[in-house]
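Numbering (our numbering), first residue to last: 486 to 915.
Take a look at the structure set out below.
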Amino acid sequence: MSGGATPRHDPPLLVVGTDHRCAPLPLRERVAYDPAAAEELLVHLLARDEVAEALLLSTCNRTEVYALPRDEEPGYRLVRERAFLARAPELESAGRLYVKRGVEAARHLLRVAAGLESMVLGEPEVLGQVKQAAALADAVGSSGVVLRRLAAGAAAAGARARAETAIASGAVSLGYAVVELARNIFTALDRTRVLILGAGETARLTARALLDRGALEVRLANRTPERSRALREELPELAEVPWGDLLPAVAAADVVIASTAAPEPVLTAAALRETTGRRPGRPLLVVDLGVPRNVEAEAARLDTVFLHSLDSLEALIDRNLRHRREEVPAVEELVERELSRFRAWYRTLEAEPLVARLQKQAERIRAEELARALAELPPESHDAVDRLTRALVRKILHHPSARLRGKEGGEDLPRLDLVRELFRLDDDEG
Numbered sequence: 486m487s488g489g490a491t492p493r494h495d496p497p498l499l500v501v502g503t504d505h506r507c508a509p510l511p512l513r514e515r516v517a518y519d520p521a522a523a524e525e526l527l528v529h530l531l532a533r534d535e536v537a538e539a540l541l542l543s544t545c546n547r548t549e550v551y552a553l554p555r556d557e558e559p560g561y562r563l564v565r566e567r568a569f570l571a572r573a574p575e576l577e578s579a580g581r582l583y584v585k586r587g588v589e590a591a592r593h594l595l596r597v598a599a600g601l602e603s604m605v606l607g608e609p610e611v612l613g614q615v616k617q618a619a620a621l622a623d624a625v626g627s628s629g630v631v632l633r634r635l636a637a638g639a640a641a642a643g644a645r646a647r648a649e650t651a652i653a654s655g656a657v658s659l660g661y662a663v664v665e666l667a668r669n670i671f672t673a674l675d676r677t678r679v680l681i682l683g684a685g686e687t688a689r690l691t692a693r694a695l696l697d698r699g700a701l702e703v704r705l706a707n708r709t710p711e712r713s714r715a716l717r718e719e720l721p722e723l724a725e726v727p728w729g730d731l732l733p734a735v736a737a738a739d740v741v742i743a744s745t746a747a748p749e750p751v752l753t754a755a756a757l758r759e760t761t762g763r764r765p766g767r768p769l770l771v772v773d774l775g776v777p778r779n780v781e782a783e784a785a786r787l788d789t790v791f792l793h794s795l796d797s798l799e800a801l802i803d804r805n806l807r808h809r810r811e812e813v814p815a816v817e818e819l820v821e822r823e824l825s826r827f828r829a830w831y832r833t834l835e836a837e838p839l840v841a842r843l844q845k846q847a848e849r850i851r852a853e854e855l856a857r858a859l860a861e862l863p864p865e866s867h868d869a870v871d872r873l874t875r876a877l878v879r880k881i882l883h884h885p886s887a888r889l890r891g892k893e894g895g896e897d898l899p900r901l902d903l904v905r906e907l908f909r910l911d912d913d914e915g
């Protein structure tokens, strides 16, 4: 479905997209664009008469094309066919694509940048992705004055959402929940040594989160060297520890994350008691992400061991998500304020030619009437009368011109078509 027409005087924007709510990952992957493919698509769209401006946002969870069409329906069909159905015809099924027009398209980009449309509420990466999409469109030349202004507003909304609200606060993934736990105990992550047991997906995400947040050292121990090597190819900052040196490595660590597929604990309470005995007074954070458990539950009774299970991390994540959801109204208010600024700016684009015609018409009438009047007045009064009539016209038009440009009176702007009709401005274009 292509959606309704854009109301008159709203920005004639269009967004066609799909995301995690509309399409499964295999379909989203087929319409994911790398930078080279994104550039090719933007150049193609810009070369067609149907589209005046275009911007492509492609992330792991969404692909969206924002366009300023010259004609709404042909522009919509072009974007839909070229950007989506050419790669994944299955997206033609009902509900696989969404379409927003006008002010709703603008609002959507602001919400995306603010983290309100993400799979994980408030996730920070999408703001950078919006900025990268805007930079690419600018470099290609597919964004013009409207999409550049909208992208700048989206960046501002996203930055303010993260600076002025807690929409991005607290860990909401396992990896960053581990980081949050470590910071609660050690405060300075850049002086913290970490040991990860296992080399699966959870271990990878956790290692990346710790490295991204500046952990002093992250070491990896795994029974299968081949899997360790594969993970270290992706994350070369990881140092490898032979499985046979596991306990000495635990003794040297501040944080141990266990995420193996072992059917029984790889760290027993007795082994941890022996290990912590070599480091009196030093706390050890042990995070057990294994199912079944990788660490014996009795280890929690050891004085200097802080043992957290998968359940406790999920409880932390749930609490943080609740806090983020509480921030949604504040972020939505920020979005609406930025949207109002964009709409007011857009009205100035549309109003400026109208103001110029209004002033041109007034000057023509003034000049005609002045010429007739001056014929009956003494020459020494001509300059004074000219100055007087100019000042009168200027003062009479000041408030209407300011209102048309949106510089007075807020959002309740006059209907521009009514102004054209009242002053017969369309008849004055010649």
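From the three backbone atoms N, C-alpha and C, an ideal C-beta is built for every residue, glycine too.
On a predicted model such as this, the values are computed, not experimentally measured, just so you know.
Here residue 790 is not near residue 782, since their CB atoms are 8 Å or more apart. Residue 502: member of the beta strand (DSSP E) spanning 499 to 504, first to last residue.
When secondary structure is reduced to three states using DSSP, residue 609 falls in the coil class, being assigned neither helix nor strand. Per the DSSP secondary-structure output, residue 884 pairs with nothing in a beta bridge.
A direct Cα-Cα distance of roughly 16 Å separates residue 809 from residue 611. Closest by C-alpha distance to residue 741, out of 748, 747, 729 and 757, is 757. Excluding residues up to 5 positions away in sequence, 704 lie with their Cβ nearer than 6 Å to the Cβ of residue 724 in the same chain. When DSSP assignments are scanned along the region 790 to 822, the uninterrupted stretches of beta strand (DSSP E) that are 3 or more residues long and fall wholly within it turn out to be 790 to 794. DSSP, read as helix, strand or coil, puts residue 654 in coil. Secondary structure note for residue 583: its beta strand (DSSP E) is the uninterrupted segment 583 to 586. Taking C-beta separations shorter than 6 Å and ignoring five residues to either side along the sequence, the partners of residue 542 in its chain run 549 and 618, following chain order. Counting of Cβ neighbours within 10 angstroms places residue 763 among the exposed residues, the total staying below 16. DSSP places residue 575 in the helix class (H, G or I) of the three-state scheme. For residue 565, the number of other beta carbons within 10 angstroms of its own is at least 16, and it is reported as buried. If you look at residue 704, you'll find it isn't in any alpha helix (DSSP H); it sits in the beta strand (DSSP E) that goes 702 to 706. With respect to the C-alpha of residue 873, the residue from 609, 855, 528 and 686 having the closest C-alpha is 855. With a 10 Å radius around the Cβ and a threshold of 16 neighbouring Cβ atoms, residue 624 comes out exposed.
In this structure residue 546 is buried. Its beta-carbon is surrounded by 16 or more other beta-carbon atoms within 10 angstroms.
Beyond the five residues adjoining it in sequence on each side, residue 795 comes within less than 6 Å, by CB distance, of 774 in the same chain, given in chain order.
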